[in-house]
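First up is the structure itself, then whatever we jot down about it.
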Amino acid sequence: MTQLQERISAAVAAIRSRRDLPIQTGIILGTGLGGVARAIEDATAVSYADIPGFGESTVSSHTGQLILGTISGVPVAAMEGRVHFYEGYSLDQVTFPVRVLRALGATSLVVTNACGALNPMHRKGDIMIIDDHINLMGVNPLIGPNDASLGPRFPDMSEPYYQPYCDLALDIARERNVPAQRGVYAAMTGPCLETRAEYRMLRIIGADAIGMSTVPEVIVAVHAGMRVLGMSVLTDVCLPDALVPCSLDEIVAVAAASGKLMEQVLLEFIDRAGKKEIL
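For the sequence shown, my numbering assigns the number 172 to the initial residue and increments by one for each residue that follows.
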């Protein structure tokens, strides 16, 4: 057993000692999206502090606990908050929970975040279904020796976000009159927000939104053979020629308000995808 496998086994054992539930879908909840955790039925909460290898977030809007239970009969494990590269964690630490979710049985992953809108057709408060991504973090979580038991050395990334999931989520949003877009998410390290010149560059290379998370987790999920749905709340508009300062308080407020709409889409998505047996 490799060192990574040992770490995964230790985390899984700690979680199963609290609740031995075969998980079907893993969920990563970003800023302002704790309402999904509260919708989980027959829930058991496990603090990250009690799971070996799980980092504790230094961001106040990330609670830091794993919620195990069901949504519409689907067994889920929801991460209420995540750790970030900019907090000083390595990408191995950032993505380790995805390895654990897979080891718990999850074959699908729903990952959410709050981010800035780059596309001038998108508005603050919109939901964006992530269609593809651009990794601008300058590093990849798969660098280093590869454990073939966890995934292939050179995973294919032609469809990191499972298109039937994207289609279903967008259909649900439109049926519920939730303002939703479909676009490309770019990830940079943070923690500072980008300059006007950087926003221009990002738009030129095809990004519709910019954030500081998600891409490392998705890369590891794809490596592990999981199907992924990614969703963003667009919390601010990053148009370089009309740029205004933005504070964390503003971002959290928009994420909390629009997060309620995303929660509707996410919960309905799990219900329908579960019935279609595509999770």
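The beta carbon of each residue, even a glycine, is placed where N, CA and C say it ideally should be.
Quick caveat, the model's predicted, so the values are computed rather than measured.
Check your understanding: Which one or two residues does DSSP pair with Pro246 in a beta bridge?
Key -> Residue mapping note: residue 246 aligns to position 75 of the sequence shown, counting from 1. Per DSSP, Thr241.
**Study point:** For Arg353, the residue or residues it bridges with in DSSP
**Key:** For the purposes of this step, residue 353 is taken as the residue at position 182 of the sequence shown. Answer is Ile300.
Review point. Exposed or buried, what is Cys286 when buried is set at 16 or more other beta-carbons lying within 10 Å of its beta-carbon?
Key: Against the sequence shown, residue 286 aligns to sequence position 115. The residue in question, Cys286, is buried, as its Cβ has 16 or more Cβ neighbours within 10 Å.
Review point. Would you call the stretch 415-434 and the stretch 301-316 in contact, with 3 or more CB pairs under 8 Å?
Key: No, they do not touch.
Check your understanding: CB Ser384 to CB Ala358, shorter than 9 Å?
Key -> As a position in the sequence shown, residue 384 is number 213, starting the count at 1. As a position in the sequence shown, residue 358 is number 187, starting the count at 1. Judged by beta-carbon spacing, Ala358 lies within the 9 Å limit of Ser384, meaning their Cβ atoms are closer than that value.
Exercise for review: Could you pull the start and end residues of the alpha helix (DSSP H) that Ser151 belongs to?
Suggested key: This structure leaves residue 151 out entirely; the chain is present only between 172 and 450.
Review point. Do the stretch 254-272 and the stretch 175-184 meet, that is, are 3 or more Cβ pairs less than 8 Å apart?
Key: Counting Cβ pairs under 8 Å, three or more are found: they touch.
Practice item. Classify Asp420 as buried or exposed, calling it buried when 16 or more other Cβ atoms lie within 10 Å of its own Cβ. Key: Along the sequence shown, read from residue 1 onward, the residue named residue 420 stands at position 249. Residue environment for Asp420: exposed (fewer than 16 other C-beta atoms within 10 angstroms of its C-beta).
Practice item. Look at the alpha carbon of Glu448 and the alpha carbon of Arg294, and state the distance between them as a whole number of angstroms. Key: Position 277 of the sequence shown, counting from 1, holds the residue named residue 448. Position 123 of the sequence shown, counting from 1, holds the residue named residue 294. Going from the Cα of Glu448 to the Cα of Arg294 covers about 33 Å.
Review point. Would you say Ala288 and Leu405 are within 9 Å of each other, going by their C-beta atoms?
Key: Position 117 of the sequence shown, counted from the start, is the residue given in the question as residue 288. Position 234 of the sequence shown, counted from the start, is the residue given in the question as residue 405. Result yes, Cβ atoms of Ala288 and Leu405 sit closer than 9 Å.
Review point. First and last residue of the beta strand (DSSP E) that includes Cys286?
Key: As a working mapping, residue 286 is identified with position 115 in the sequence shown. Element bounds for Cys286: Ser279 to Ala288.
Exercise for review: Quick one: grab the DSSP three-state call for Leu165.
Suggested key: Nothing can be reported for residue 165, as the shown portion of the chain is limited to 172 through 450.
Review point. Taking the DSSP output, what are the residues bridged to Ala216?
Key: What you label residue 216 is simply residue 45 of the sequence shown in a count that begins at 1. Paired residues: Ile238.
Exercise for review: Find out if the Cβ-Cβ distance for the pair Asp379, Pro312 is shorter than 9 Å.
Suggested key: Within the sequence shown, residue 379 is the residue found at index 208, counting from 1. Within the sequence shown, residue 312 is the residue found at index 141, counting from 1. No; because the gap between Cβ atoms is not below 9 Å, this pair is not in contact.
Practice item. Return the chain-ordered ranges of every beta strand (DSSP E) run that is complete within the stretch 383-423 and spans a minimum of 3 residues. Key: Counting whole runs of 3 or more residues, the stretch 383-423 contains the beta strand (DSSP E) stretches 398-408.
Practice item. Rounded to whole angstroms, what's the CA-CA distance from Val247 to Ile381? Just pull it up for me. Key: Residue 247 sits at position 76 when you count from the first residue of the sequence shown. Residue 381 sits at position 210 when you count from the first residue of the sequence shown. About 28 Å.
Practice item. Compute the distance between the beta-carbons of Val389 and Leu307, then report whether it is under 9 Å. Key: Here residue 389 refers to the residue found at position 218 of the sequence shown. Here residue 307 refers to the residue found at position 136 of the sequence shown. Cβ atoms of Val389 and Leu307: not closer than 9 Å.
Exercise for review: Look at the alpha carbon of Ile422 and the alpha carbon of Leu410, and state the distance between them as a whole number of angstroms.
Suggested key: Translated into the one-based positions of the sequence shown, residue 422 becomes position 251. Translated into the one-based positions of the sequence shown, residue 410 becomes position 239. CA-to-CA, the gap between Ile422 and Leu410 works out to about 16 Å.
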